[in-house]
Amino acid sequence: MKILVNDGISASGIQALENKGFEVINTKVAQEQLENYINDHAIDAITAGNTTQVRQELIDACPSIKLIACLGTEMDNIDVDYAIDNGVHVVNSEDASATSIAELVFAHLFGMVRFLHQSNREMPLEGDMRFNALKKQYSQGTELRGKTLGIIGFDTVGQEVAKTAIALGMEVIATDVEIDNATITIPFFDGQSVDFFIETETIDNLLSKSDFITLHLPAQEGYVIETSLFDKMKNGVGIINTSHGGILNEVDLVNAIDSGKVKYAGLDVFESQPRPEIQLLMNPEISMTPHIGASTVEAQDRAGIEVANKIIELLSE
Numbered sequence: 325m326k327i328l329v330n331d332g333i334s335a336s337g338i339q340a341l342e343n344k345g346f347e348v349i350n351t352k353v354a355q356e357q358l359e360n361y362i363n364d365h366a367i368d369a370i371t372a373g374n375t376t377q378v379r380q381e382l383i384d385a386c387p388s389i390k391l392i393a394c395l396g397t398e399m400d401n402i403d404v405d406y407a408i409d410n411g412v413h414v415v416n417s418e419d420a421s422a423t424s425i426a427e428l429v430f431a432h433l434f435g436m437v438r439f440l441h442q443s444n445r446e447m448p449l450e451g452d453m454r455f456n457a458l459k460k461q462y463s464q465g466t467e468l469r470g471k472t473l474g475i476i477g478f479d480t481v482g483q484e485v486a487k488t489a490i491a492l493g494m495e496v497i498a499t500d501v502e503i504d505n506a507t508i509t510i511p512f513f514d515g516q517s518v519d520f521f522i523e524t525e526t527i528d529n530l531l532s533k534s535d536f537i538t539l540h541l542p543a544q545e546g547y548v549i550e551t552s553l554f555d556k557m558k559n560g561v562g563i564i565n566t567s568h569g570g571i572l573n574e575v576d577l578v579n580a581i582d583s584g585k586v587k588y589a590g591l592d593v594f595e596s597q598p599r600p601e602i603q604l605l606m607n608p609e610i611s612m613t614p615h616i617g618a619s620t621v622e623a624q625d626r627a628g629i630e631v632a633n634k635i636i637e638l639l640s641e
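So the number in our numbering is just where the residue sits in the sequence shown, counting from 1, plus 324.
Now the structure itself:
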């Protein structure tokens, strides 16, 4: 069987497929040429990342396709239900990026509470002339230890965030519409581990008690966090979104920053990707990354192996 790796898969994933006798075509085909390429080469499966669209029209036009694989958890670029209804398997890597996303959450948190996102802008410009002034300006940082982290969405990623938070000495409050509780196992370098049992709480309780809030939710029809919920948060709260653009009302976020309700904000995803609003890009209070939560070498390697194993399981003859 032929697998078109249109959006990259790790070398270990390719090796796993080839070891099972699959022909892996590791090339990038432009979207407008995809239909012809798939039909001309009788492609059986395709990997589709953020840059490849697998919509109803492509599925209808390419009857050889038996499986669509997404390297990540987000499948907004695939007509998943239509594919499944038409007998096409759709798989993704569900857990591979949990550690990477969790670490990015804390990269934002550590950076924000010590104003790194601001000082990294100012030091190259004025560090030689205003060193002492900048030192004074950024000398009111805070520590994460002892603070309360609210986790909205307690799936695999949310639980991974909880591990790091607990290890740092933070208190964790979690909320989830489906998960009532979870046992968080924190492993250490020498083989020891510690278990923590966490029961999820109401979102109102989380909002009122959390010093920092991080979002780990699937895509939603509308906003989850907007003015009515900002009003329930502590003054000076910090908020991180690494899950989906569109679940956090960015206009309301900017207003909450201006009012002082929100002191820290970190965004890895945006409503208008790939062109975030200028009001966000120019706001010195916001720590920003360009949707890189799952983009580490280790996560991509795990994702490649996970997807390869699913392809092998479903398509091996």
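The beta-carbon is built from N, C-alpha and C at its ideal position, and this holds for glycine as well.
Original post:
Which one of P387, F536, N573, R438 has the shortest CA to CA distance from H413?
Top reply: P387
**OP:** Have a look at E523, V437, S640, N633 and flag the residue whose alpha-carbon is nearest the alpha-carbon of A486.
**Re:** E523
**OP:** Figure out for me which residue from F478, I425, L473, G477 has the closest Cα to the Cα of I490.
**Re:** L473
Subject >> Contacting residues, own chain, Cβ-Cβ under 8 Å from D528 (five flanking each side not counted) >> reply: K556
**OP:** Give a yes or no on whether the C-beta atoms belonging to E595 and G570 are separated by under 8 Å.
**Re:** Yes, they are a contact pair.
Original post:
Per DSSP, what kind of secondary structure is D384 in: helix, strand or coil?
Top reply: helix
Original post:
Would DSSP call N410 helix, strand or coil?
Top reply: coil
**OP:** Can you give me the Cβ contacts of D504 inside the same chain, cut-off strictly under 8 Å, excluding the 5 residues immediately before and after it?
**Re:** E523, T524
Subject >> Integer Cβ distance of L605 from K390, believed to fall under 8 Å >> reply: Contact between L605 and K390 does not hold, since the beta-carbon distance rounds to 42 Å and is not under 8 Å.
**OP:** With a cut-off of 8 Å on the beta carbons, I'd call V481 and I425 a contact; round off their distance for me.
**Re:** In this structure, V481 and I425 form a Cβ contact; the two beta carbons are roughly 5 Å apart against a cut-off of 8 Å.
Original post:
Excluding the five sequence neighbours on either side, which residues of its own chain have a C-beta within less than 6 Å of the C-beta of K471, listed in chain order?
Top reply: M494, D535
Subject >> As assigned by DSSP and simplified to three states, the class of L328 >> reply: strand
**OP:** Would you check if the distance between the CB atom of L395 and the CB atom of D331 is smaller than 8 Å?
**Re:** yes
Subject >> With 16 other Cβ atoms within 10 Å as the buried cut-off, status of K587 >> reply: buried
Original post:
Would you call I581 buried or exposed, if buried means 16 or more other Cβ atoms sit within 10 Å of its Cβ?
Top reply: buried
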